[in-house]
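For reference, the structure is listed below as structure tokens.
Protein chains: 2
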Amino acid sequence: MTYNELYQQIIKKHSFLCVGLDSDLELIPEHLKSSKNPIFEFNKAIIDATASYAVAYKPNTAFYEVEGIHGWDQLEMTIRYIRGIYPDIMVIADAKRGDIGNTAKQYAKAFFEKMNCDAVTVSPYMGRDSIEPFLEYGGKWSIVLALTSNNSAADFETNIIVNENNESGMDTQLYKNVIRKTMTWGSKENTMFVVGATRPESLKEIREICPDHFLLVPGVGKQGGSVEEVAKYGLNSNCGLLINSSRGIIFADRTHRFAQAAEKEARNLALKMELLLKNI
Amino acid sequence: MTYNELYQQIIKKHSFLCVGLDSDLELIPEHLKSSKNPIFEFNKAIIDATASYAVAYKPNTAFYEVEGIHGWDQLEMTIRYIRGIYPDIMVIADAKRGDIGNTAKQYAKAFFEKMNCDAVTVSPYMGRDSIEPFLEYGGKWSIVLALTSNNSAADFETNIIVNENNESGMDTQLYKNVIRKTMTWGSKENTMFVVGATRPESLKEIREICPDHFLLVPGVGKQGGSVEEVAKYGLNSNCGLLINSSRGIIFADRTHRFAQAAEKEARNLALKMELLLKNI
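Sequences listed follow chains A and B, in order. Residue numbering for the first sequence follows the working numbering, beginning at 120 and increasing consecutively. Residue numbering for the second sequence follows the working numbering, beginning at 120 and increasing consecutively.
Here it is, written out as structure tokens:
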């Protein structure tokens, strides 16, 4: 999926919503648990209920790996289902992979070729050669962790780095160094950054560094971030935002009415987004 | 596996060798490729040939994920095989996972409960809550990326951090901050650090920060590191090292004699280690 295809989908749907498929088997409705592929059946119903509002789905690999082979199978089934029925919607594997070059190449092959995802989240800790193999795929995206939504982002991500390779020649924070360096390896056509919705004040500074890149913003809903605050500093003239909600949508209701509740939550977020998009 | 159990195994085998199972389907011997589970058959032969010298096996998840469900199945088969036949040998999932708390908890459950590994490699970028769920398992290990063996470790890992929470009150490097902070979350009984064999000069400084922790050291063999150099600065009175070789052992020969060649390479490394262990 190209930058322009993503933008066109946002315009068409009046939404920049990403739905996180953190489909914890323990939390899905009881009546689904006896089916052969409960996580897939759950995802399928969530996807059908929210596809009018979602421009991206983001399965989180941890919730599939924890179920072993059967989980991995249901992850692949979920991706095939989205690909088959909703081919315009972006599929993001939230995998946060990161390893040396020859291993990163295998991860890129796993998620881009074997599973046919559009995008994968990657961890920058090990530097350029852990990210570059993902950037070699045309029409695919690397979504690099920058400033995450969790409290302990302060442990390392916001560490002050002595002036190294940044334009200003001044001290900067680690996550800003990550953004600046990654921008020299890829472009706005194949790279996004993860910025937590719980840090809207930082979005302004991030937009000064990367005005044109898409940002994937988790942390609205259960984690406390607000769509309006994120949009205030994060929107650019091509939207430039994918705001993710996972638990707030998929576990809005845990009875047999889970899909209707998910539809309602997704619609509410999309309505907020529609209003915000009128200003760009 | 406890710290003492690991140490006792090292003493018994006169070796601190970890064999990396980076079992790339494209590189395994041709005659195995027609079998039902070629990666597992390859691993089984490598394990049987090297188990006298290896105190740990380290399957790298990327090489299994790239084969989809069948790859994940063969990863589980490999771990079950080691567990069943060689229950004293440590199993390290080289997965480099790292995510917010509720997701990290699922990864810990996947690798420690579902797959019954002793240890998993984790990425520190997102800070404490991405590591802590792994530390909650008794007898299990978190192996945290510190200073890796790849060239681009210099992009972020060695960035100079303005004096933050380190004992000296002086500027330090990111990877040293990672080691110092992680040491306050776990102990030498449940935490190791990854330090590349390509950086022996840094091992001396790392040993000053964490004299008692085990270090997992990849990068000997194909990547150019030397066992003697690593041991010179890295050994402590309880050994404190696991030196990993992957491709140098498992792909030493790619014909039907691959297992014998792997045995020879593992034995050569173990003989070097036996000599070095006499000095501790």
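Just so you know, even glycine gets a beta-carbon here, dropped at the ideal spot from N, CA and C. The structure presented is a predicted model; accordingly, all values stated were derived computationally and were not measured.
Does the distance from the C-beta atom of residue i to that of residue j stay below 9 Å?
{"i": "isoleucine 211 of chain B", "j": "lysine 163 of chain B", "result": "no"}
{"i": "glycine 353 of chain A", "j": "leucine 394 of chain A", "result": "no"}
{"i": "isoleucine 130 of chain B", "j": "leucine 396 of chain B", "result": "yes"}
{"i": "isoleucine 147 of chain B", "j": "proline 157 of chain B", "result": "yes"}
{"i": "asparagine 235 of chain A", "j": "isoleucine 198 of chain A", "result": "yes"}
{"i": "arginine 386 of chain A", "j": "tyrosine 172 of chain A", "result": "yes"}
{"i": "tyrosine 122 of chain A", "j": "glutamate 308 of chain A", "result": "yes"}
{"i": "serine 242 of chain B", "j": "methionine 245 of chain A", "result": "yes"}
{"i": "phenylalanine 182 of chain A", "j": "glutamine 225 of chain B", "result": "yes"}
{"i": "lysine 320 of chain A", "j": "lysine 295 of chain A", "result": "What sits at residue 320 of chain A in the sequence shown is glutamate, not lysine. In this structure, lysine 295 of chain A does not lie closer than 9 Å to glutamate 320 of chain A by Cβ."}
{"i": "lysine 233 of chain B", "j": "valine 185 of chain A", "result": "yes"}
{"i": "leucine 264 of chain B", "j": "lysine 215 of chain B", "result": "yes"}
Suppose the cutoff is 6 Å on Cβ atoms and the five residues either side in sequence are ignored; what does the same chain contact list for residue i look like?
{"i": "glycine 359 of chain A", "result": "Phe333"}
{"i": "arginine 366 of chain B", "result": "Lys341"}
{"i": "alanine 238 of chain A", "result": "Ile211, Trp260 and Ile262"}
{"i": "phenylalanine 161 of chain B", "result": "Ser142, Ile147 and Leu151"}
Among all the DSSP beta bridges, which residues are the ones paired with residue i?
{"i": "isoleucine 209 of chain A", "result": "Checking the sequence, you will find methionine at residue 209 of chain A rather than isoleucine. In DSSP, methionine 209 of chain A forms a bridge with A/Ala175."}
{"i": "cysteine 236 of chain A", "result": "Looking at the DSSP assignment, cysteine 236 of chain A forms no beta bridge with any residue, so it has no partner."}
{"i": "threonine 310 of chain A", "result": "A/Ser261"}
{"i": "leucine 402 of chain B", "result": "This structure does not reach residue 402 of chain B, given that chain B is present from 120 up to 399, and the question cannot be answered."}
{"i": "glutamine 292 of chain A", "result": "A/Ile279"}
{"i": "glycine 353 of chain A", "result": "The partner list for glycine 353 of chain A (beta bridge, DSSP) is empty, contrary to what the question assumes."}
{"i": "leucine 388 of chain A", "result": "Partner(s): none; leucine 388 of chain A has no beta bridge."}
{"i": "arginine 216 of chain A", "result": "A/Val241"}
{"i": "valine 138 of chain B", "result": "B/Tyr176 and B/Ser364"}
{"i": "glycine 344 of chain A", "result": "A/Val339"}
{"i": "leucine 266 of chain B", "result": "B/Val314"}
Could you say which of the options lies nearest to residue i if we only look at CA atoms?
{"i": "asparagine 269 of chain A", "options": "B/Ile147, B/Ser345 and B/Ile219", "result": "B/Ile219"}
{"i": "alanine 272 of chain A", "options": "A/Gly315, A/Arg326 and A/Glu184", "result": "A/Gly315"}
{"i": "methionine 392 of chain B", "options": "B/Val185, B/Glu347 and B/Ile325", "result": "B/Glu347"}
{"i": "alanine 227 of chain B", "options": "B/Arg247, B/Pro252 and B/Val263", "result": "B/Pro252"}
{"i": "asparagine 421 of chain A", "options": "A/Thr374, A/Met196, A/Asn123 and A/Ala350", "result": "Past the boundaries of the shown model lies residue 421 of chain A; chain A is included only from 120 to 399, so the question cannot be answered."}
{"i": "glycine 217 of chain B", "options": "B/Ser365, B/Ser261 and B/Val185", "result": "B/Ser261"}
{"i": "leucine 254 of chain B", "options": "B/Asn221, B/Lys341 and B/Thr310", "result": "B/Thr310"}
{"i": "aspartate 141 of chain B", "options": "B/Ala389, B/Arg376, B/Ile399 and B/Ala371", "result": "B/Ala371"}
{"i": "asparagine 398 of chain B", "options": "B/Val138, B/Glu184, B/Ser356 and B/His150", "result": "B/Ser356"}
{"i": "threonine 180 of chain B", "options": "A/Arg202, A/Val138 and A/Ala223", "result": "A/Ala223"}
{"i": "valine 138 of chain A", "options": "A/Pro337, A/Tyr200, A/Ser154 and A/Asn221", "result": "A/Pro337"}
{"i": "histidine 133 of chain A", "options": "A/Leu264, A/Ala229 and A/Val174", "result": "A/Val174"}
Tell me which same chain residues have a C-beta within less than 8 Å of the C-beta of residue i, skipping the five on either side of it?
{"i": "aspartate 290 of chain A", "result": "Ile279, Ile280, Val281 and Asn282"}
{"i": "arginine 202 of chain A", "result": "Val210 and Asn235"}
{"i": "cysteine 329 of chain A", "result": "Ile298, Met302, Lys307 and Phe312"}
Taking residue i and residue j to be in contact with their CB atoms under 8 Å, please state how far apart those CB atoms are, rounded to whole angstroms.
{"i": "aspartate 213 of chain B", "j": "threonine 240 of chain B", "result": "5 Å"}
{"i": "glutamine 292 of chain B", "j": "threonine 303 of chain B", "result": "Between threonine 303 of chain B and glutamine 292 of chain B the Cβ distance is about 18 Å, and since that is not below 8 Å, they are no contact."}
{"i": "phenylalanine 231 of chain A", "j": "tyrosine 256 of chain A", "result": "5 Å"}
{"i": "tryptophan 191 of chain B", "j": "isoleucine 188 of chain A", "result": "5 Å"}
{"i": "lysine 159 of chain A", "j": "glutamine 193 of chain A", "result": "The sequence given here places phenylalanine at residue 159 of chain A; lysine does not occur at that position. So it is a contact: roughly 4 Å between Cβ atoms."}
{"i": "leucine 388 of chain B", "j": "arginine 318 of chain B", "result": "At roughly 19 Å, the Cβ-Cβ gap does not stay under 8 Å, so leucine 388 of chain B and arginine 318 of chain B are not in contact."}
{"i": "leucine 335 of chain B", "j": "leucine 361 of chain B", "result": "5 Å"}
{"i": "methionine 120 of chain B", "j": "glycine 258 of chain B", "result": "6 Å"}
Among the residues of its own chain, which have a CB less than 7 Å from the CB of residue i, if the five just before and after it don't count?
{"i": "arginine 373 of chain A", "result": "Leu146 and Pro148"}
{"i": "alanine 381 of chain B", "result": "Ile165, Ala168, Thr169, Ile368, Ile369 and Ala371"}
{"i": "methionine 196 of chain A", "result": "Asn156 and Phe159"}
{"i": "tyrosine 126 of chain A", "result": "Asn357 and Cys358"}
{"i": "arginine 247 of chain B", "result": "Trp304"}
{"i": "leucine 144 of chain B", "result": "Pro157, Ile158 and Glu186"}
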